[in-house]
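Enquirer: Numbering (my numbering), first residue to last: 593 to 994.
One structure, as structure tokens, below. Some questions next.
The following block contains the structure:
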């Protein structure tokens with residue numbers, strides 16, 4: 593079993609202060625930017641077993657942030673786990689998954705032109721989630737898992753503060769989000785598994801409201817009062833990193849925190865978490881829109897022309913919405929024998945108006961992400977380690993090779 597220790601000093605703050613030209617404004621106004629950072633060092637023993645030492649900056653459960661697409665990562669893991677837990681002969685993550693429609697705003701899915709055989713599956717949805725953060729793919733997994741099993745499943749693993757209660761980008765109300773579509777898994781013309789529409793009965797809304805900003809747009813009208821996020825998802829920084837750690841280092845976390853995945857599931861997840869969209873064959877992505885470092889905010893920001901470090905792989909899940917920018921990442925450099933976990937969020941909304949699509953990702957958020965990733969990476973370069981890590985587990989074959 594690994595050792596986890598928490599360092600309670602202001603280590604990250606001191607590190608940020610060494611680059612005033614990059615971080616001074618953030619350090620002066622951390623509340624405005626709602627910054628939270630969790631950095632975890634990984635040390636190996638002579639048997640390559642990892643232990644963890646975490647440093648945090650402002651990781652406050654009471655300071656709400658909208659988690660955006662980071663919720664897609666636990667959805668992917670719970671969907672794989674559900675397939676395994678069902679123990680139905682012939683049912684795999686590759687099985688054809690057909691989604692029906694039975695309630696208002698439900699939409700069906702009967703094919704997927706981006707898949708090799710033109711049909712949707714849990715595996716194909718996860719590929720789209722992990723490589724380019726596809727919203728519809730998340731919604732289909734949310735419907736397969738169900739709202740109640742989603743939240744209860746994470747709580748059982750110790751993630752009791754996480755609350756995932758809605759689909760993304762489809763504008764459903766809480767009542768509509770409680771009801772998940774009927775689903776069939778097929779083998780040719782044969783139904784392997786059928787799931788009816790499910791209506792979640794538990795209430796996962798917080799007791800108190802969570803209001804942010806000065807105003808928000810509703811249609812074309814400006815409402816001069818804070819936007820209430822109390823019916824939105826919540827996924828705190830520590831629980832994000834704990835789930836990431838449980839997938840990357842299952843042997844190093846308590847049994848109850850692990851997901852029920854097969855060795856092949858882990859390999860599959862590692863591949864598509866770290867595979868660049870330009871390496872993908874199915875789906876095939878346009879390399880201009882989906883450039884090599886797409887969705888790799890830490891280390892690269894949003895720079896399309898950044899030179900990719902061929903010795904580095906980033907296993908991560910990002911999010912951006914309502915001006916919040918997030919990345920939950922495990923960063924590895926095989927040449928330099930470096931590995932670390934880094935999870936962060938900040939709010940990039942200078943005018944404090946929500947829903948106006950005027951967010952400051954390019955000028956505020958992405959530079960912060962890139963600079964933070966590189967700051968920690970450079971610190972890791974100079975950090976002594978007693979034992980060199982064996983990182984071969986994370987050296988993978990990608991769809992288009994290297």
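We put the beta carbon where it would ideally sit given N, CA and C, even for glycine.
All figures in this text were calculated on a predicted structure; none of them were measured in a lab.
Run through DSSP, which three-state label would residue 628 get?
Expert: strand
Enquirer: Please state the DSSP three-state secondary structure of residue 614.
Expert: helix
Enquirer: Quick check on residue 655: does DSSP put it in helix, strand or coil?
Expert: coil
Enquirer: Can you name the start and end residues of the beta strand (DSSP E) that residue 911 belongs to?
Expert: Run containing residue 911: 904-913, per the beta strand (DSSP E) assignment.
Enquirer: Give a yes or no on whether the C-beta atoms belonging to residue 693 and residue 699 are separated by under 7 Å.
Expert: Cβ atoms of residue 693 and residue 699: closer than 7 Å.
Enquirer: Please give the ranges of any beta strand (DSSP E) in the segment 811-862, keeping only runs that are unbroken, at least 3 residues long and fully inside the region.
Expert: 813-815
Enquirer: Quick one: is residue 979 buried, meaning 16 or more other Cβ sit within 10 Å of its Cβ, or exposed?
Expert: exposed
Enquirer: Report all residues from its chain with a CB closer than 7 Å to the CB of residue 940; omit the five preceding and five following residues, and keep chain order.
Expert: Cβ within range, chain order: 915, 917, 951, 952, 953, 956 and 957.
Enquirer: So residue 825 packs on residue 659, CB below 8 Å; how close in whole Å?
Expert: 5 Å
Enquirer: Taking DSSP as the reference, what is the three-state secondary structure of residue 706?
Expert: coil
Enquirer: I need the boundaries of the alpha helix (DSSP H) containing residue 714, first residue and last residue.
Expert: 714-724
Enquirer: List the endpoints of the continuous alpha helix (DSSP H) containing residue 666.
Expert: 664-678
Enquirer: Taking Cβ to Cβ, would you say residue 804 is nearer than 7 Å to residue 814?
Expert: no
Enquirer: Rounded to a whole number of angstroms, what is the C-alpha to C-alpha distance between residue 670 and residue 743?
Expert: 10 Å
Enquirer: Is it buried or exposed for residue 761, if we count other Cβ within 10 angstroms and need 16 for buried?
Expert: Exposed, by the Cβ-count rule.
Enquirer: Ignore the nearest five residues each way along the sequence and tell me which others in residue 755's own chain have a CB closer than 6 Å to its CB.
Expert: 796 and 826
Enquirer: Going straight from the alpha carbon of residue 984 to that of residue 902, what length do you get?
Expert: A straight-line Cα-Cα distance of about 15 Å links residue 984 and residue 902.
Enquirer: Suppose the cutoff is 6 Å on Cβ atoms and the five residues either side in sequence are ignored; what does the same chain contact list for residue 801 look like?
Expert: 820 and 822
Enquirer: Please return the same chain residues whose Cβ sits closer than 7 Å to the Cβ of residue 905, not counting the five positions on each side in sequence.
Expert: 866, 924 and 986
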